[in-house]
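Trainee: Numbering (the UniProt record's numbering), first residue to last: 1 to 169. Backbone N, C-alpha and C fix where the C-beta goes; we use that ideal spot for every residue, glycine too. Just so we're clear, the structure is a prediction, and the values are computed from it rather than from any experiment.
1. What residue does the alpha helix (DSSP H) around residue 89 start on, and which one ends it?
2. In angstroms with no decimal places, state the Cα-to-Cα distance between residue 119 and residue 15.
3. How many angstroms separate the CA atom of residue 109 from the CA atom of residue 143?
4. Distance check for residue 75 and residue 105, CA to CA, integer angstroms please.
5. Could you name each continuous alpha helix (DSSP H) segment of 4 residues or more that falls completely within the region 99-136, going from the start of the chain to the end?
6. From which residue to which residue does the alpha helix (DSSP H) around residue 72 run?
7. When you compare the region 91-103 with the region 131-138, are there three or more beta-carbon pairs, one atom per stretch, that lie closer than 8 Å?
8. Secondary structure at residue 67, three-state DSSP: helix, strand or coil?
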């Protein structure tokens, strides 16, 4: 059978990514992710066709990339991972040696600020963030790290000091 607009499956294969992109822009990311999963099921399971690559469904504005506490930063990393559409095992597979499996999981589960900037950078890059957003996430990390160190150390001017007096016997 011949269709005037082409084969419906090919059309579906071509048009679904546009739907996903359209849904992700006005803040309907949950619907976009659900549509992506539905597309994967139809194309992959029922038809044996690999789904087309789709632009990652991640934060698109700097305003969304914010965190004032360690817990908020970890939540931001979780959001980035969810919006990327990647599972944690997929993140690990893509990371290879740059990010050990245990580190992939601990970045998101322990609720504390990650200690190694290279692992944070690798994680958000693997999740598909563009470089300007990666830089913003790294700025947030550096600011929170500095605040954490300051809280532990205390300001330089308030450090206790001691005077050592040595007397000869």
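Mentor: To lay it out plainly:
1. In the chain shown, counting from the first residue as 1, residue 89 sits at position 89. Residues 88-95.
2. Counting from one through the chain shown, the residue named residue 119 turns up at place 119. Counting from one through the chain shown, the residue named residue 15 turns up at place 15. Looking at the two C-alpha atoms, the distance is approximately 36 Å.
3. Here residue 109 refers to the residue found at position 109 when the chain shown is read from its first residue. Here residue 143 refers to the residue found at position 143 when the chain shown is read from its first residue. Computed Cα separation, rounded: 21 Å.
4. Residue numbering aside, residue 105 sits at position 105 when the chain shown is read from its first letter. Residue numbering aside, residue 75 sits at position 75 when the chain shown is read from its first letter. One C-alpha to the other measures close to 13 Å.
5. 101-109 and 117-126
6. Position 72 of the chain shown, counted from the first residue, corresponds to residue 72. Note, residue 72: alpha helix (DSSP H), 70-84.
7. no
8. Reading the chain shown from its first residue, position 67 is the one you call residue 67. Coil, per DSSP.
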